[in-house]
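Student:
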Amino acid sequence: RKEVEQDPGPFNVPEGATVAFNCTYSNSASQSFFWYRQDCRKEPKLLMSVYSSGNEDGRFTAQLNRASQYISLLIRDSKLSDSATYLCVVNMSPGDNDMRFGAGTRLTV
Amino acid sequence: DAGVIQSPRHEVTEMGQEVTLRCKPISGHNSLFWYRQTMMRGLELLIYFNNNVPIDDSGMPEDRFSAKMPNASFSTLKIQPSEPRDSAVYFCASSYQGTGGTMNTEAFFGQGTRLTVV
Numbered sequence: 001r002k003e004v005e006q007d008p009g010p011f012n013v014p015e016g017a018t019v020a021f022n023c024t025y026s027n028s029a030s031q032s033f034f035w036y037r038q039d040c041r042k043e044p045k046l047l048m049s050v051y052s053s054g055n056e057d058g059r060f061t062a063q064l065n066r067a068s069q070y071i072s073l074l075i076r077d078s079k080l081s082d083s084a085t086y087l088c089v090v091n092m093s094p095g096d097n098d099m100r101f102g103a104g105t106r107l108t109v
Numbered sequence: 001d002a003g004v005i006q007s008p009r010h011e012v013t014e015m016g017q018e019v020t021l022r023c024k025p026i027s028g029h030n031s032l033f034w035y036r037q038t039m040m041r042g043l044e045l046l047i048y049f050n051n052n053v054p055i056d057d058s059g060m061p062e063d064r065f066s067a068k069m070p071n072a073s074f075s076t077l078k079i080q081p082s083e084p085r086d087s088a089v090y091f092c093a094s095s096y097q098g099t100g101g102t103m104n105t106e107a108f109f110g111q112g113t114r115l116t117v118v
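In C-alpha cells, the structure reads:
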C-alpha cells in the first residue's frame with residue numbers, strides 16, 4: 001500500500017461547481033496534514049493545513065478523519081483559476097519531519 | 001526572504017556525465033528535503049535532512065545518487081553517472097521543525113531543476 005494515495009483524476013468541472021478530493025494515508029501515527037497546490041511547470045505551494053477539527057478558508061474546506069485515515073478537500077463555487085493539481089501531504093513521522101506527497105489530483109475548471 | 005534557491009534551473013547533460021544540483025534553504029529552517037517529480041511517478045521523496053543530518057535516504061533510487069548537507073545553508077544532490085531515466089524535475093524544499101516534533105510547519109519549495117539526460 002502506498003504511504004499516501006490520491007485519485008489522480010482528472011476532474012473536469014464547470015465554473016461554479018463543487019468538487020471534493022480525498023486522500024488516504026497508511027501511517028496511523030501521522031500528526032500533520034496539508035493540501036498543496038501545484039500549477040503547471042511550477043513548484044508546489046501550500047494551500048492549507050488540515051486540522052483535527054476541520055478548517056475552512058473561503059471557498060476551501062479541509063477535513064481530517066483519523067479513524068478512516070483520510071483527509072479531504074472541498075472546493076465550492078469553482079473558478080477558472082482553481083485549475084491546478086492538488087497534492088495531499090502527510091507527515092509520516094512527526095519526530096523526524098518525514099513529509100510524503102500523494103501523486104496529486106488534477107482539476108480543470 | 002528570497003525563499004528556497006535552487007540551481008541550475010535547467011540542466012541538459014549526456015548520459016554518463018556527473019550532475020550536481022544545488023539548494024540553499026530558507027534561513028532558519030532546519031529540515032531540508034529533496035524530491036523528484038515525473039509524470040509517471042509523481043512527487044517522490046528522495047532524502048531529507050534534519051539539522052544537516054540525513055534522516056531517511058530510502059527514497060534514493062540507486063547508489064548513483066548521493067546527497068550532502070555540509071552546513072545549514074547548503075545542500076547538493078549528485079548523480080554519477082547520469083542516465084536518461086533520471087530525467088525529471090528535482091525539487092528542494094525546506095521547513096522548520098520545532099522542538100518536540102509533534103507539529104511541523106509547511107515545506108517551502110524551490111523552483112526546481114529540470115534535468116534532461118540525453
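Protein chains in written order, with the working numbering: chain A, 1 to 109; chain B, 1 to 118. The beta carbon of each residue, even a glycine, is placed where N, CA and C say it ideally should be.
Buried or exposed: where does A103 (chain A) fall if 16 or more other Cβ atoms within 10 Å of its Cβ makes it buried?
Tutor: Buried is the call here.
Student: Give the DSSP-derived three-state secondary structure of D57 (chain B) in the structure shown.
Tutor: coil
Student: Could I get the ranges of all uninterrupted beta strand (DSSP E) runs contained in the region 11–85 of chain A, with 3 residues as the minimum, in chain order?
Tutor: 19–25, 32–38, 45–50, 55–57, 60–65 and 70–75
Student: By DSSP, does L32 (chain B) sit in helix, in strand, or in coil?
Tutor: strand
Student: Can you check whether the CB of S94 (chain B) is closer than 7 Å to the CB of L32 (chain B)?
Tutor: yes
Student: Answer with yes or no whether the minimum CB distance from R100 (chain A) to chain B is below 7 Å.
Tutor: yes
Student: Of the residues A:V13, A:Q6, A:Y51 and A:V19, which one's Cα is nearest the Cα of F33 (chain A)?
Tutor: A:Y51
Student: Residues in the region 38–61 of chain A with C-beta within 9 Å of chain B's C-beta atoms, listed in sequence order?
Tutor: Q38, R41, K42, E43, P44, K45, L46 and S49
Student: Considering Cα atoms alone, identify which of B:E62, B:V4 and B:N51 is closest to G98 (chain B).
Tutor: B:N51
Student: Using a Cβ-Cβ cut-off of less than 7 Å, give me the residues of the region 24–35 of chain A that come near chain B, in sequence order.
Tutor: If the cut-off is 7 Å between Cβ atoms, the region 24–35 of chain A has Q31, S32 and F34 near chain B.
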